[in-house]
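Residue numbers (the numbering used here): -18 to 333.
Every residue, glycine too, gets a C-beta built ideally from N, C-alpha and C.
Please read these numbers as outputs of a predicted model, since none were measured by experiment.
To keep things clear, I will list the structure first and then write my remarks on it.
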Ligand code: 0PR
């Protein structure tokens, strides 16, 4: 057995598969300082509770929403589960369903199973939600239509305003999953945010592109009444209700999220986006030049039809790359991914 004191975590030098990244130094420091706080008990841990309100306000700024409701979740999974829970509790049906493109993250499957909601997945076209396919699945029992702004596998952005219209016509809520894309999208022309469309809830994770320490996800809601759908009475705490899924939770994530956004919004996030997008385009061109079929990049994520044995050999050389469901190699250009890393990655590819 390894002793935790002697074990060293991996460094990010060859990590091309992850949606986690090196936290910003200020975020790392804040996480350490707030390690022993619990925003699940805001009556006792007042400072971190205040910081959480700041975090939500800042996330609202990033996602185009004044006076946002929301909280810092343990990650995108919790935020998506809670968004489905809001919709289920808000909807007026005994047989609720949620309609999502098949590109939606698997956390929606967890949500459906946990919450007793039917998940209807619509085929995509060109890796984006197909509006006709979505409309076909929507009916009077639909409580939520999901759009993805930065898909896990390809980094593609769904037509969010049109999905929000479909939701509105059906009397359903619209949830956007920008867990990964949320800190890249403000610097693009994509329409994905609260000020672009009639979105009700949105997932945006500081612990991904936002460069906060894990665990720091984000759930935002257009109005406090939506968040109230989650409220459970907490008779023996000083606060009277709790909307979160977890009870005790990490103040480290909350403080870290505020510190990261304080340090980086908007200028450095913009620079990070521009660098990551340049890198993704450079990689896409390099791979296309070598005869591979490349998907994207629409956001800084590149998928290409490299053979599976090749990705296994890359792993042997220390590279961490992942695969899409259809077996393409997938490189996520996170803030820690530099051009020189990608150059040596491509040089290793040429070796085969
Ligand atoms: N929504 C989207 C669009 C995501 O990409 C992810 C995670 C989630 C929700 C769920 O977020 P949490 O993992 O914070 O709950 N996507 C990656 C995935 O599942 C997460 C990941 C992160 C994978 C780090 C690998 C890794 O090293 O593939």
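Of the candidates 180, 111, 65, 65 places its Cα closest to the Cα of residue 90. In the three-state reduction of the DSSP assignment, residue 219 falls in the coil class. Burial is judged here by how many other beta carbons sit within 10 angstroms of a residue's own beta carbon; residue 213 has fewer than 16 and is exposed. A buried status is given to residue 88, since no fewer than 16 other beta-carbon atoms sit within 10 Å of its beta-carbon. With 16 or more other Cβ atoms from the protein chains shown falling within 10 Å of its own Cβ, residue 11 counts as buried.
For residue 77, the closest of -6, 106, 183, 118 by C-alpha to C-alpha distance is 118. The beta carbons of residue 202 and residue 234 sit no closer together than 8 Å.
If you keep only unbroken beta strand (DSSP E) runs of at least 3 residues inside the stretch 53 to 126, you get 78 to 82, 99 to 103.
The beta carbons of residue 115 and residue 142 sit no closer together than 8 Å. Per DSSP, the continuous beta strand (DSSP E) segment holding residue 182 begins and ends at 182 to 184. For residue 58, the Cβ falls inside the 7 Å cut-off from some heavy atom of the ligand 0PR. In terms of side-chain proximity, the C-beta atom of residue 184 is found nearer than 7 Å to a non-hydrogen atom of the ligand 0PR. If you keep only unbroken alpha helix (DSSP H) runs of at least 4 residues inside the stretch 11 to 59, you get 27 to 43. Using a cutoff of 7 Å, the CB of residue 229 does not count as near the ligand 0PR, since none of the ligand's heavy atoms is closer than that. Relative to residue 131, the option among 329, 58, 278 whose CA is nearest is 278. Within the chosen limit of 7 Å, the ligand 0PR does not reach the beta carbon of residue 273 with any heavy atom. Between the stretch 21 to 40 and the stretch 324 to 333, the count of Cβ pairs shorter than 8 Å is below three; the stretches do not touch. Contact between the stretch 137 to 157 and the stretch 167 to 180 is established, with three or more Cβ pairs separated by less than 8 Å. DSSP places residue 323 within a helical segment (H, G or I) once states are collapsed to three. Under the three-pair Cβ rule at 8 Å, the stretch 240 to 251 does not count as touching the stretch 268 to 275. Inter-residue distance for residue 226 and residue 110 is about 28 Å (C-alpha atoms, whole angstroms). A straight-line Cα-Cα distance of about 20 Å links residue 93 and residue 180.
In the DSSP assignment, the residues bridged to residue 304 are 310. In summary, residue -9 is exposed, with fewer than 16 beta-carbon neighbours lying within 10 Å of its beta-carbon over all protein chains present. When C-beta atoms of the stretch 154 to 167 are compared with those of the stretch 24 to 32, fewer than three pairs fall below 8 Å, so the two segments do not count as touching. DSSP, read as helix, strand or coil, puts residue 264 in helix. A residue is called buried when at least 16 other Cβ atoms come within 10 angstroms of its Cβ; residue 59 meets this threshold and is buried. At a Cβ-Cβ threshold of 8 Å, residue 184 and residue 57 count as neighbours. Secondary structure at residue 129: strand, using DSSP grouped into helix, strand and coil. Taking each of 190, 128, 311, 297 in turn and checking the Cα distance to residue 105, the smallest one comes out for 128. Excluding five sequence positions before and after residue 2, the CB atoms of its chain that fall closer than 8 Å to its own CB belong to -7, 189, 190, 192, 315, 316, 317, given in chain order. Distance from the CA of residue 294 to the CA of residue 285, rounded to the nearest whole angstrom, comes to 16 Å. The shortest CA-to-CA distance from residue 146 to any of 166, 169, 134, 113 is the one to 113.
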